[in-house]
Every structure is written in structure tokens, then in C-alpha cells.
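S.K.: My structure is below; once you've seen it, I'll send some questions.
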Amino acid sequence: MITFFLVGLTVHIVFFLSIFDIYFTSPLVHGMPPHATLLTPPASRLVLMVADGLRADSLFTPLHDGSSRAPYIRRSIIEEKGTWGVSHTRVPTESRPGHVALIAGFYEDVSAVAKGWKENPVEFDSVFNQSRHTWCWGSPDILPMFAQGATGDHVYTHTYPAEEEDFASTDASRLDTWVFTQVKSFFHSAKSNTSLKARLLEDKNVFFLHLLGIDTNGHAHRPMSQQYLNNIGLVDSGVAEMVSIIEDFFDHDGRTAYVFTSDHGMTNWGSHGAGHPSETLTPLVVWGAGVQTAHRATDPQAYVDGYLRDWKLEHIRRADVNQADIATLMASLIGIPLPVNSVGVLPLLYLNNTDHFKAKSMYTNALQVLEQFKVKMAQRKDTTLSFLFTPYQLLTESKQEEFIQRAQMLIRLEKFGDAISLCQSLISHALEGLVYYHTYDRFFLGCSVVLGFVGWTSYVVLLILKTHAGLSRNPSVLRQIPNPTLVRAFMCVAAVITAFLLLQKSPGTYYIYCLLPVPVWYSVFKESGTLTDLIHSAPSLPLWKCLSYFLLVALGVELLVVSFFHRTMLTVGLAVLSLWPFVSGISGRSKLRSLCWFLGCLGLAAFPLMPVMGREPNIHLVFCGGVLTLLTSACYLVTSGQKTTLRQADRQQFALQMLHVAVCAYVPSLTRSSLQEKQGLPLLNQIISWTTLASSLLVPLLSSTRLFHRLLSILLSLTATYLLLSTGSEALFPSVLSWLMFVWIHMEQEADMDSRVKAKRTQLSTIDFSANIDISKIRQLKLDDIRRSYFFVFFIITAFFGTGNIASINSFDPASVYCFLTVFNPFIMGGLMMWKVIIPFIIVMCTFETIQVVTQLSSRSLFLIVLVISDLMALHFFFLVQDYGSWLDIGTSISHYVIVMSMTIFLMLLSMVTHTFTSRRLVWTRPKMHFP
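My numbering puts the first residue of the sequence shown at 32, with every later residue one more than the last.
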């Protein structure tokens, strides 16, 4: 069992990691020479101001009286001095990826999420790195990564302490005030500092102001709150003051360019991370040296999204860009080389310069993207056998030379418009070619993984049939194949694959993905005699019943797959499951339990219908969740007959745990009141929360290992923590789920007794988890066990998606962790939310462990069936992974596969944990006193 577990865990970890090599590899290449436009730039310096978390509509939409909450940016800049538009971001709409796109010009690979979007998973070039000097002020989460990625010592950062990023602070706008104050002090001190002033007067300098107050206020109070909207006004006045100070310092020389934008937006419920327009549409306002002034739009503009009408800006030309384009714009304005990793396209509508300058700048942009394409093509060519290499046909080496020569000729002939169009076409082809070579091995690796997947699933099915199905053992021809012959055949296959990978200079991970199917399929062929036994036993099997079961399970698996896209399918599934006692005939023997099952399924079915995102916090429902937990616990004691059999120690523990649940149901209310009154997070509430979390896995181990004693203790302990992490209706979920699980245990005993009419019913109240299992009573698998395993997988998925969708980053509500901390910390916050997701898992896992004991079936038997069902789902999602369409669609398809694979691995580990959680007990012994 241990060997099988370790092998299965290894196989699934390999399948899980394969998705990162296939889809999550870094797109960056290195070794490209930098390219710059060798013409006099229009600006000597650039000021970049990023209002973190600012939505486009929050800045551009006028107030009801026609005025603006940002009068300087709207009236003085948009309507008179500069060019404006919308910067379209990509998912994940988080601060780090947004700033990387803005300043480095590429969309960061997802591997950075493993480092909390703080550290550099790979080195990259940026506008700051290419500048002569860059001075930065703002958050310690953003600024250091660009200093780390810079060569030399020319990026200077000034940050406030991380503790200042407190969602419970009285006014987060002070973070922006700190930045403005520091910049004022900096330029004031520079007037008397000769060396600093000399550096400031040099060209190619960048000043970066990171303004985090809007984002922090949005998380804490929502974007429609007065705090968020007032913060926009504060930023607007601060920008006006900064412009005045900088212009005065440089004697109004007209050589300063200004860029004001945002890294991402924010949903109405104060989160970001996914692809909602409120998150992906950010403002962009550019003015100063080299920038086109406000251009009046005489004809209706081509934008049909309806925003122009709401923003009352139809009369001024709007110029939208992709977020990565801003880096190329900034580099062009101050005449520095474009970041070598940039995939942005220069937005010409923002430039106020000659056609010659625009054409040369676009030509430089095309060369910079083409350099990346060349390196990527050379890397792929070097790791592919020459007769197997297929170049990107639209940009072969000859066509590259042709493009470059034509562009140079058009610029010499002063046909600047044609040159710009040609360069834009070259950039488009180069970007498509980068994707082509980046995904060159995807089909090959995908086939290897699918082959291993199918082989592993086939092996598990054969193992189930061989070990647990009780087939008649008839001689088979396949079994007479000598094992040495089979071994030699597969060793030859492995040798051929290894030689092929060596010749191709493939990475080490390729060997794992391509060679793993070899031992897996060897195991399948070695056990193939079992399949022959099944064929020989077919006449004695109830084929119609087998076919109906497998058909129902297949439909059920499809329902679970669809539920990942539409949570309401879980409601449909629960409605169908509620009819099980009536269809199977159990209701005739146990009407009360059948009714409880019916009502429990319908009660749980209500949760997938509730919205995942945009829910307003409702602390009253959290308190109701605590009350419902206490009522459920009382029902546990009464209906299971345990009230009269509790020992004194158990009575005291349950009483203390129930009191603890009542306290935890009240703590969120106290915390919310304190935060609303701007008094911060109370220390006592924080102590209670962290103590509850730390003891949630320890307290149940102190209770009796009798079945319902231990299950009740687990419920109370886990629900206490869950309540502290809840903000609304989800607080009711553990109680409803636990009640249905409690009924499920009784129903499965009833179903099992029905299939063994002569067997004597075992009282559930007498079952002890710690008792040694009588091996002689362990039975063979039956068709009903397939249903039990499917129910388990269904309830696991329901536990996962019942109250939310972790696949969507922006379903996270920071208010969920306010009982524990209010200072931004992505790792601790993420860990707390993961624990909240795991709690319903543990409840379902403990129930499944109980059913295995009640039905006298080995845990390995049922788990093998669960493994097959889970792997079928994972294989389904592997085929649904896509690399086309919107970035949200691509990210969602990948996350579904990762979730199912993580769930499979996680269940393998959690099954061992829950066995310990239910059957082990900590016993405290008093030390004996010895007297002389």
C-alpha cells in the first residue's frame, strides 16, 4: 500500500508539473543587443506616476454637477495639454505584473505568483535599467524588484515600512501623502546639493512615483466609498503640485514628459486579479515634452464601448494602448534603448514629432522585437534535429532581411507612412513567431503526458479488477508471454526515446515526461491477463447493471467538469442526488433519514446559486452560522444516541468547544465594528483568532475516538476557524455540509445492510475509529462502491466550489482575514484563505473515512475508484487547456487542470492525514508524585 501510494504520488506530481513546462515556462530570452533611435529625443527626463488600483471610470467619469473629482488631470491636461486613453491590462491584474508590463514592456509569466508577486523569478530589462538615473518613491512591494533587475547602481528607491500598508488604517491616503512629501523634500534638498543637482540636470533620467493609497482604500472600503473617491482627489492635487515643483526646479525648460496611469483597476467589491473590465481598463494620461496636445475629435470616434458618453469626453480624441506599449512610449520620449524584453508597440498617436522621428522610432521598435524572435528561433533550432525543424514561414531568415532592407529604403526615400506600416507588420509577425517557437514542443509534450495518463488510469483499473473484483482465474494467452521478453521490449523503447532526446539536446524534464509512460505501460501489459479474466467472467456478470452504472458515472463526471465552468450544475447534481433514497428503495425502510437526506441535499444546493464575487459582507449571517453549528451539534448528540453515553471528560470538552464556537461567531462582529470606527484590529480578537487556528487540528485529538464523538469534535474545531474567516453566507456552509455528511453515513449503512440481508447491523454509536480492523470482515468491491466513490468526488467538488471559485483570483475578499491581520501580506493571507478552502475538504474526507469503516471496505479499494474518477476529470481538463482566445479564457482553462491535479495529489495526502485525525488520540497523564 505504501509503495503504491508513493508511486501514485510521484506519477501525479509529474503530471501536475508537466503543465508548467508546457504552458507556464518563461517567455523571456536573453542575449539581445539593445536598440535606440539615434535622433534627438524630445524630452530630457520622464516622470511616471502610477496610481495603484485606479479604475478608468473612477477617474474619467464626471460628477453629477458636471465637475470632476480630478479637476487638474481632466481640465488642465486631458482637455488642454496632453493625450489620453485607456490602457488595457492583461490577467492576472495584480500590482507586480502590471508594473512589469508598464516599465519592462512584457507580460510577466505566472511563475512570479509563487513568490507573492514580489521577487524576480527571472531577470529582465526595464526602462529604469536603460535610464541614466532613476529615482523611485513608494511601496516596498514594488520598487525593489526594479532595482534588483538593474545593472549597475543607478536606480535609487525610497520606500515606507511595509507595516504602513494596513487595510485597517484610519486613512490609507497617507501613503500617497508620504510620497508627495518625500518628492518635495528631495527636490528642495537638491537645490543645495551640488552633486545631486548635477545628476538631475543630466538627460535620460526617470522619476517614478508609486501611489498605493487608492488601492489600499479600495480593498478596505470598496471603490464606491468616500475614502476611495476622496483619495483620487488627493492624488490629483498631488500631481498638480509635483508638476509645479519639477517645472520650477528645471526652470520650465519644456524638456519634461509626464505619464499618469494605473497598474490595474478594481471590482466593485474591492478585489482584483481577473479579467473584469473594471480591473483591465486603466487610465492613461500623457503630457509634456514630445507629447501630442489635446486633439479635438470632429468625427464620431471608433470606440463603441459606451464609455466615452459616460465620461463626457467624446469631443477629445481617445488613444487606447496595450499596457506593455507604455514602456516603448516612455523609452522613445527620452531617447533610451527600448527594454530588450519588451513586446510593446509604440503608440504613435501620443507622439508630437516629425514623421521621420516616428518612422525611425517604429523601425527601432521592430528591430528590438525581431532580435527576440531571432534568439528564440536559434534556441529552438539548436534543440531540434535539422530534418524535423519547421521554421515560422512568415518570417524566415530571408524574409527578415527583406523586411529590414525595405524598411531602410522607405525611410531613405522619406516614405515614412509606408515605412511605419511595414514596421508594424514586421512587429506583428515577430510577435506571432515568438508564440510559435515558444509553443513549438507543446504538442509533443502533450502527447507524452496523455499517453502516461491513459496508461496510469488503465493500470489502476486493472489493479482494481485483479485485487478486489473477485474474478474467476482462467488461463490467458497474454499471461504466458515471458516477462523477460516484455522487459526487453520496453527497455528498447526507453533506449530509443533517450537517444532521440539526447540528439535533440532536450531539457532534463523532457526525459521524465517522455520516459514515464514506459514503466507505466509495462505495468499495464504485465497485468493484462486480468482483462482476459474479465472477458471470461463476462457471462456471469450482470452486464446491464454494469453498463448502467458506468454510464451514470460517465454522465456524472461530465456534470462535474461542466460545474467548473457553471457552478449551478452542482445545484442540478444535488437535486438529482436528493432523489437517491427514493429511487434505490431505501426510503421504504427509513423514511425519516431519507427525508433528512432530501432536505440536506436541497439545503446544500442553495449555496452554488449564491454569487461568488460582489457579495456585501453580512456579519449577521456569520453569527447565524455559529448558531446553526451549535444546533447541528445538538442534533448530532441527540440523533446518534450519544448524549447519554458521554463521559465526563467528553462532556466538558464539548461544552468548551461549543462555547468557543459561540465566541468565534461573535469576534468578526467586534472586529468589523472596531475597523469601522477606525480603532484598528483589537489585540484580544487577534489572539483569539490565531489561537483558534493553531489549535484547530490539536483539539479533536483530545476527544474520544468513538465515531460520533470524534466527528463532532472535528466539526466544532474546524467551524470555529471557518467562522473567523467568513464575511457572509458562506459561514452557514460547514454546518449544512456536516449535517448532510452525517445523514450520508447513516444512509450508506442502510444501503450496505440492504445488500447483506443476513448480516447483523452494527450500531454506529459503538464504532471506534482506533479499533483494529478485522481483516476477515473486509469484503470485495461491489457496484455500489462505484456510487459511493462518485458521491465522495461530487461532495469534494461541492466543498471546493460551493461558496466560491478559487480558480478566480478576484473572488478573494481581503475582509475575510481581518480577524487575523490587516497589514498586507500575500503569503499569510493566501495561507489563511487556503485553510478556509481546505476545511470543507476535511469534513468530507472524515466522512468518507467513516463510510469505509461502516461498510467494512478497505480504504485502498474505495480510494482506487476515486483515483480513476479524478484522473478521468484531469485528463478531460488537459484536453480543454487552450492557448488562444482571451487571456482570461487561457488562464481559466489552465487553472482548472491545475485544480483537479492538485486535488488528486492533495486527496492522496489528505487521506493519510484524516486517518490519523480520526483514529489517533492525545492522552494527558498526570505525573506521579513521589514522597520520601
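Built from N, CA and C at the ideal position, the CB exists for glycine as well. Computed from a predicted structure; not experimentally measured.
In this structure, does DSSP put G169 in helix, strand or coil?
M.R.: Here G169 sits in strand by DSSP.
S.K.: How far does the beta strand (DSSP E) with L186 in it extend, from its first residue to its last?
M.R.: One point to set straight first is that residue 186 is Val, not Leu, in the sequence displayed. Looking at the DSSP string, the run of the beta strand (DSSP E) that includes V186 is 186-190.
S.K.: Look at V551 and G477 and say whether their C-beta atoms are less than 7 angstroms apart.
M.R.: No, the pair does not count as a contact, with Cβ atoms beyond the cut-off.
S.K.: What's the C-alpha gap between Q679 and R737?
M.R.: Computed Cα separation, rounded: 14 angstroms.
S.K.: Could you tell me the boundaries of the beta strand (DSSP E) in which H740 lies?
M.R.: Premise fails: H740 lies in the alpha helix (DSSP H), 738-755, not in any beta strand (DSSP E).
S.K.: CB P314 to CB A101, shorter than 7 angstroms?
M.R.: Contact flag unset, no.
S.K.: Do P128 and G304 have their C-beta atoms closer together than 7 angstroms?
M.R.: Not a contact, by the Cβ cut-off of 7 angstroms.
S.K.: If you drop the 5 nearest sequence neighbours on each side, which residues of the same chain put their C-beta closer than 6 angstroms to that of G631?
M.R.: These residues qualify, in order along the chain: W770, L771, V774.
S.K.: How big is the Cα-Cα spacing for I495 and H946?
M.R.: Their backbone Cα atoms lie some 22 angstroms apart in a straight line.
S.K.: Taking contact to mean at least 3 C-beta pairs separated by less than 8 angstroms, is the segment 927-940 in contact with the segment 896-915?
M.R.: Result yes; three or more Cβ-Cβ pairs closer than 8 angstroms.
S.K.: Could you give the DSSP three-state label for Y138: helix, strand or coil?
M.R.: Looking at Y138 - three-state DSSP - the assignment turns out to be coil, as it is neither helix nor strand.
S.K.: Please list the segments of the alpha helix (DSSP H) lying wholly inside the segment 75-140, counting only runs of 4 or more residues, in order along the chain.
M.R.: Listed in chain order, the complete alpha helix (DSSP H) runs (minimum 4 residues) inside the segment 75-140 are 87-91, 126-135.
S.K.: Taking just the CA atoms, how far does V317 sit from K215?
M.R.: Taking the straight line joining both Cα atoms gives about 21 angstroms.
S.K.: How close, in whole Å, do the beta carbons of I617 and S625 come, if the pair is a contact with beta carbons under 8 angstroms?
M.R.: Correct: roughly 6 angstroms between the Cβ atoms.
S.K.: Which residue comes first and which comes last in the beta strand (DSSP E) that contains A846?
M.R.: A846 -> no beta strand (DSSP E), and no H or E assigned at all.
S.K.: In three-state terms, what does DSSP make of A637?
M.R.: Correct three-state label for A637: coil.
S.K.: If we call anything under 7 angstroms between Cβ atoms a contact, is T165 one with V237?
M.R.: Cβ atoms of T165 and V237: closer than 7 angstroms.
S.K.: Ignoring anything shorter than 4 residues or poking outside the segment 206-286, list the alpha helix (DSSP H) runs there in chain order.
M.R.: If we require 4 residues or more, the alpha helix (DSSP H) runs fully inside the segment 206-286 come out as 225-231, 244-252, 257-280.
S.K.: Do R741 and S748 count as a contact pair if the criterion is CB distance below 7 angstroms?
M.R.: Cβ atoms of S748 and R741: not closer than 7 angstroms.
S.K.: So, with DSSP's three-state summary, where would you put V480?
M.R.: Three-state result, V480: helix.
S.K.: In terms of residue numbering, what span does the beta strand (DSSP E) encompassing G319 cover?
M.R.: That run of the beta strand (DSSP E) goes 312-319.
S.K.: So, for R437: in the same chain, excluding its five sequence neighbours on each side, which residues have a beta-carbon less than 8 angstroms away from its beta-carbon?
M.R.: Counting only Cβ-Cβ distances below 8 angstroms, and skipping sequence neighbours, we find L453.
S.K.: How long is the line joining the alpha carbons of V912 and I53, rounded to whole angstroms?
M.R.: Rounded to whole angstroms, V912 to I53 spans 11 angstroms at the Cα level.
S.K.: Mind checking C523: buried by the 16 CB within 10 Å criterion, or exposed?
M.R.: Counting Cβ neighbours within 10 Å, C523 comes out exposed, since fewer than 16 surround it.
S.K.: Please identify the residue among S744, L640, N224, F629 whose C-alpha is closest to the C-alpha of H691.
M.R.: Taking only the C-alpha atoms, the option nearest H691 is S744.
S.K.: Pull up the distance between the alpha-carbon of L38 and that of A782, whole angstroms please.
M.R.: In the sequence as displayed, the identity of residue 38 is Val instead of Leu. Roughly 34 angstroms between the two C-alpha positions.
S.K.: Hey, is the segment 319-329 in contact with the segment 339-350, meaning 3+ C-beta pairs nearer than 8 angstroms?
M.R.: The segment 319-329, when compared against the segment 339-350, does touch it at the 8 angstroms Cβ threshold.
S.K.: Within 10 angstroms of its Cβ, does N505 collect 16 or more other Cβ (buried), or is it exposed?
M.R.: Note that N505 scores 49 on pLDDT, short of 50, meaning its location in the model is unreliable and no value can be drawn from it.
S.K.: Identify every residue that forms a DSSP beta bridge with V352.
M.R.: S118.
S.K.: Starting from the Cα of I50, find the closest Cα among F948, P378, Y580, F909 and give me that residue.
M.R.: Ranking F948, P378, Y580, F909 by Cα distance to I50 puts F909 first.
S.K.: Where do the ends of the alpha helix (DSSP H) carrying A725 lie?
M.R.: Segment 714-726, the alpha helix (DSSP H) holding A725.
S.K.: What are the partner residues of R327, as DSSP defines its beta bridges?
M.R.: Bridge partners of R327: I347.
S.K.: Using CA atoms only, rank isn't needed, just tell me which of V824, L465, L380 is closest to A905.
M.R.: Ranking V824, L465, L380 by Cα distance to A905 puts V824 first.
S.K.: Compute the Euclidean distance between the alpha carbons of L754 and T660, then round it to the nearest angstrom.
M.R.: Approximately 10 angstroms, taken between the alpha carbons.
S.K.: Over the uninterrupted alpha helix (DSSP H) stretch that includes H303, give me the two end residues.
M.R.: That residue, H303, is in no alpha helix (DSSP H); it is neither H nor E in DSSP.
S.K.: Do the segment 555-566 and the segment 443-452 meet, that is, are 3 or more Cβ pairs less than 8 angstroms apart?
M.R.: At 8 angstroms Cβ cutoff, the stretches do not touch.
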